[in-house]
Amino acid sequence: MTVSAPPTRGGPDDVPPADASWPDGLRPEAGAGTDAAEPEEDTQEARAAQRELVAHTPGFIFGEAASFGGSVVAGAQHGVSAGGSARDVFLGGKTEIHHHGTATAEYASGEIPEQRLDALAAVFAEGPSFAAALARLREERVLVLAGAHSTGRHAAALMLLHRLGAPAVHALSAETGPANLAAQLTAPGGYVLRDLPLSRNRPLRDTHLYAARDRLAKTGGHLVVTVENSPFLPGVTPCPWEPPDAAAVLRAHLADLREDPDAGAELLALGPVRDFLARDAHRPAEAARFAAEVARYDGGEEAAARLADFGHAAVEQQCREWLGDPESTLRDKAFLISLAVFDQAPYVLAAELADTLFVHFQRLQHPEQPPEIPVFGLSAETRLERARAEGELRTEETDWGPVPQFTARFKKETTPRVLLGEVWTGHPSARPALVAWLRELARDRRPVVRTRAAAAAALLARADLPSAMALLIDGWAVSKAFGPRVTAANTLTLAQLLDAPVVLRLLTQWCTDGHWARRWTAIRAFGLLTPLRPDLAGPALSALAARARAGGSSRTESKNLVDSTALLLSVGTRRGEMLSELVRLLHHDTASVRALALAAFVRSCDNAEEGALVEWYADTGMYEADSARDLATLWRTALGDRGHTRGALNALHTWVRLAEHRADVAQALELLLPALVVTADDRKRLGHELAGLRAPDGGPRPPVADRLLALLTPSTPDPSRS
26 MTVSAPPTRG GPDDVPPADA SWPDGLRPEA GAGTDAAEPE EDTQEARAAQ
76 RELVAHTPGF IFGEAASFGG SVVAGAQHGV SAGGSARDVF LGGKTEIHHH
126 GTATAEYASG EIPEQRLDAL AAVFAEGPSF AAALARLREE RVLVLAGAHS
176 TGRHAAALML LHRLGAPAVH ALSAETGPAN LAAQLTAPGG YVLRDLPLSR
226 NRPLRDTHLY AARDRLAKTG GHLVVTVENS PFLPGVTPCP WEPPDAAAVL
276 RAHLADLRED PDAGAELLAL GPVRDFLARD AHRPAEAARF AAEVARYDGG
326 EEAAARLADF GHAAVEQQCR EWLGDPESTL RDKAFLISLA VFDQAPYVLA
376 AELADTLFVH FQRLQHPEQP PEIPVFGLSA ETRLERARAE GELRTEETDW
426 GPVPQFTARF KKETTPRVLL GEVWTGHPSA RPALVAWLRE LARDRRPVVR
476 TRAAAAAALL ARADLPSAMA LLIDGWAVSK AFGPRVTAAN TLTLAQLLDA
526 PVVLRLLTQW CTDGHWARRW TAIRAFGLLT PLRPDLAGPA LSALAARARA
576 GGSSRTESKN LVDSTALLLS VGTRRGEMLS ELVRLLHHDT ASVRALALAA
626 FVRSCDNAEE GALVEWYADT GMYEADSARD LATLWRTALG DRGHTRGALN
676 ALHTWVRLAE HRADVAQALE LLLPALVVTA DDRKRLGHEL AGLRAPDGGP
726 RPPVADRLLA LLTPSTPDPS RS
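So, in structure tokens, the structure goes:
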């Protein structure tokens, strides 16, 4: 598959003027491979683009990608994007709230009604890890139950306390901070803290559990904390939770729902039930809902159809029927497709853009008629019911605070993927309208709309890559406008997450393509991809270094190249490896490659966001000899390089100011600073910067800067001790 185009060369007038602050080796040279058509534009900062992609990508994409799980991406939480306009935030069907600092307020808790516990006990299936968890809780009094999302952790926590015979079970607020946990355990009985949100700045430590255990020993109580699988449990050995299999959940619920004990075996032998249990593992809640349908089975065709509707085959058949139904209107079908793209997003987006798609369908099928959209029509509830979807009022976090939104989603999680694939491969006559619509979405000012267009195109690329490349992705990639290019980068990133064929090879080739816009797209895509796929950090760095080695990058491309390379150092599990690779590039025989390594390192250091390199170094890196050595080498080289000295000193200011508020960062700096002083010039340069450092408001030099200055000043021997 060939998607390249001949390069367009410009003359010396197309090259931006030299800038003394531009890194040596990456400064554009007159006529050196710069494309005349490339605009020197102010584009979105790469870190913000990466956060935006994660925030707006629908849950069904990440659910399909085995390499992506939970709310933690490569060991770091990704929050709301900064920069741009109209930044709606939808996090794959649930609101994620990040907590910073230590809470000191009293948080609400309440006793769970005994009737609810009894009702749950009647249908609860223990699962393979319940007995071990019960034994640990009985012995240790405090248990951290860790497992994947929607695997029944909370129900298990309640039943663990119920089986222990707790006289009362209290539910603690998730707002309870780890440091305040013990203070909430004041009454006898059991306590459950559901889905405690954790982050690098808000870990649950073993010391928190020791304090809770001491308090519980005095009251005779027990505590179960449920969390998603998390790296932020220093010193804690969580109890892994494995959900019960669907058959056990089904039997338990049928025994409770049907009075005839012999009916359970007969119902489990039904064909639709066997098919349901034979397919992929089902979540406990899904098995419980299926049990309710099985319990209603009366031998009739309608009841059998309801059972069959739970299967994946039923979803595929339903999508075919929706699209092939001659009695269904074009507007109905447009709404189904739009809802598939905007699943788990505000209903108004799906409805608004469905009418836009309907116009394209109208023009395709009836070009002689002007398209007409009814101003009023069916209610949202009726449209969702027909689409086998549901809506709920949910609070979404935005840059302006919590905003209530009526969101819509299909009841079957697989419906969006199946429906979009069926449209693309089963109804090729609809492609012109679908392509025109997705192109229009890619130009929308709302990030959530552009990202959803990219997610839909990624699914289409997995189903038929050559067509998706020819009709959508390559056109976006070579656009002069920023929006379509970033949509192309998002599409290729998500397509690689979905393991679409040859995407990694294509991105590698595009990094040195003759067209500036394809290069920009591939470079940005590598920056977006590696925090989501840490295993690709090595190939990504090789491709980006190859582009730097070729030389001749424009100002815009050089900035993009540095930003994307810096994002490789945001991959938590590969940071040590990436530092080592950057040190290796310092010895490269090409100046532009060495300059890329230093510029990317400085860019990554000049960041104080949650999960930044400075946090990793203070938490982990300084205790790893190789990582500490490599980081010191990069710091020392950047400070001593004329092209990067100023940027490195600015980044050092960022670390020092963060050290004012974090003792671990201050300790890390105190250990790092002596390694940066090899010559008298090193000491003079750093001493001058620290001495001149002032608070952001112009106030006096912070005390931590004084402590660091003392480390740079050689101690004077005391003559009286000679």
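Quick note on my numbering: the sequence shown kicks off at 26 and runs consecutively. C-beta: ideal position from N, C-alpha, C; glycine also. All figures in this text were calculated on a predicted structure; none of them were measured in a lab.
Whole-angstrom distance between residue j and residue i, CA atom to CA atom
i: Thr662; j: Leu623; result: 8 Å
i: Asp731; j: Leu715; result: 8 Å
i: Ala482; j: Glu165; result: 51 Å
i: Thr555; j: Ala565; result: 7 Å
i: Leu186; j: Met647; result: 41 Å
i: Leu145; j: Ser198; result: 21 Å
i: Leu416; j: Ala277; result: First, the amino acid is wrong: residue 416 is Gly here, not Leu. Gly416 and Ala277: Cα-Cα distance of roughly 30 Å.
i: Pro441; j: Arg345; result: 13 Å
i: Ala433; j: Pro491; result: 32 Å
i: Asp651; j: Met494; result: 43 Å
i: Leu295; j: Val319; result: 9 Å
i: Lys119; j: Glu640; result: With a pLDDT of 34 at Lys119, under the threshold of 50, the modelled position of this residue cannot be trusted, and the question is left open.
i: Leu519; j: Val703; result: 45 Å
i: Ala637; j: Ser363; result: 37 Å
i: Gly712; j: Leu586; result: 32 Å
i: Leu389; j: Glu438; result: 30 Å
i: Asp706; j: Val169; result: 52 Å
i: Ala99; j: Pro263; result: Its pLDDT being 37, under 50, Ala99 is placed unreliably by the model, and the measurement read from it follows with that caveat. In a straight line, the C-alpha of Ala99 is about 20 Å away from that of Pro263.
i: His669; j: Leu485; result: 43 Å
i: His540; j: Gly665; result: 35 Å
i: Ala272; j: Glu311; result: 11 Å
i: Val313; j: His686; result: Per the sequence shown, the amino acid found at residue 313 is Ala instead of Val. Each residue's Cα considered, the two are about 49 Å apart.
Pair within 7 Å by beta-carbon distance, residue i and residue j
i: Ser617; j: Gly576; result: yes
i: Ala488; j: Thr450; result: yes
i: Thr251; j: His179; result: yes
i: Leu604; j: Leu656; result: yes
i: Ala405; j: Tyr372; result: yes
i: Leu683; j: Ala633; result: yes
i: Leu206; j: Ala182; result: no
i: Asp231; j: Gly260; result: yes
i: Ala478; j: Ala467; result: yes
i: Thr679; j: Val608; result: no
i: Ala280; j: Gly289; result: yes
i: Gln521; j: Gly84; result: no
i: Leu444; j: Ala333; result: no
Counted within 10 angstroms of its Cβ, other Cβ atoms place residue i as buried (16 or more) or exposed
i: Asp499; result: buried
i: Pro453; result: exposed
i: Pro309; result: buried
i: Pro509; result: buried
i: Ser583; result: buried
i: Ile86; result: buried
i: Leu557; result: buried
i: Leu418; result: exposed
i: His195; result: buried
i: Pro725; result: exposed
Limits of the beta strand (DSSP E) - the one that residue i falls within
i: Tyr216; result: Gly215 to Leu218
i: His613; result: His613 -> no beta strand (DSSP E), and no H or E assigned at all.
For residue i, the first and last residue of its enclosing alpha helix (DSSP H)
i: His678; result: Thr670 to Ala684
i: His540; result: It is not in any alpha helix (DSSP H) - His540 carries neither H nor E in the DSSP assignment.
i: Ala317; result: Pro309 to Ala320
i: Pro564; result: Ala562 to Ala575
i: Leu519; result: Phe507 to Leu522
i: Phe301; result: Gly296 to Ala303
i: Arg434; result: Note, Arg434: premise wrong, no alpha helix (DSSP H); beta strand (DSSP E) at Gly426 to Phe435.
i: His713; result: Ala705 to Gly717
i: Ala196; result: Counting along the chain, Ala196 falls outside any alpha helix (DSSP H), though it belongs to the beta strand (DSSP E) covering Val194 to Leu197.
i: Glu397; result: Looking at the DSSP string, Glu397 is not in any alpha helix (DSSP H), and its letter there is neither H nor E.
i: Ala182; result: Arg178 to Arg188
i: Leu168; result: Where Leu168 is concerned, there is no enclosing alpha helix (DSSP H), although the beta strand (DSSP E) it sits in stretches over Val167 to Gly172.
Proximity test, residue i beta-carbon vs the ligand PLP heavy atom, cut-off 6 Å
i: Glu377; result: In the structure on display, the ligand PLP does not appear, and there are no ligands present to speak of.
Chain D within 7 Å of residue i, Cβ atoms only
i: His713; result: No chain D is present in this structure, which holds just one protein chain.
*Three-pair Cβ contact test at 8 Å for the stretch 627-634 versus the stretch 583-591*: yes
*Do three or more CB pairs link the stretch 348-366 to the stretch 402-414 at distances below 8 Å?*
yes
_For the structure I just gave you, are there three or more beta carbon pairs, one from the stretch 235-248 and one from the stretch 208-225, closer than 8 Å?_
yes
*For the stretch 545-553 and the stretch 518-535, state whether three or more C-beta atom pairs, one from each stretch, are separated by less than 8 Å.*
yes
*asked:* I'd like to know if the stretch 423-432 and the stretch 363-378 are in contact, where contact means that at least 3 CB-CB pairs between them fall below 8 Å.
replied: yes
*Is it true that the stretch 134-154 meets the stretch 264-274, where meeting means three or more beta-carbon pairs spaced less than 8 Å apart?*
yes
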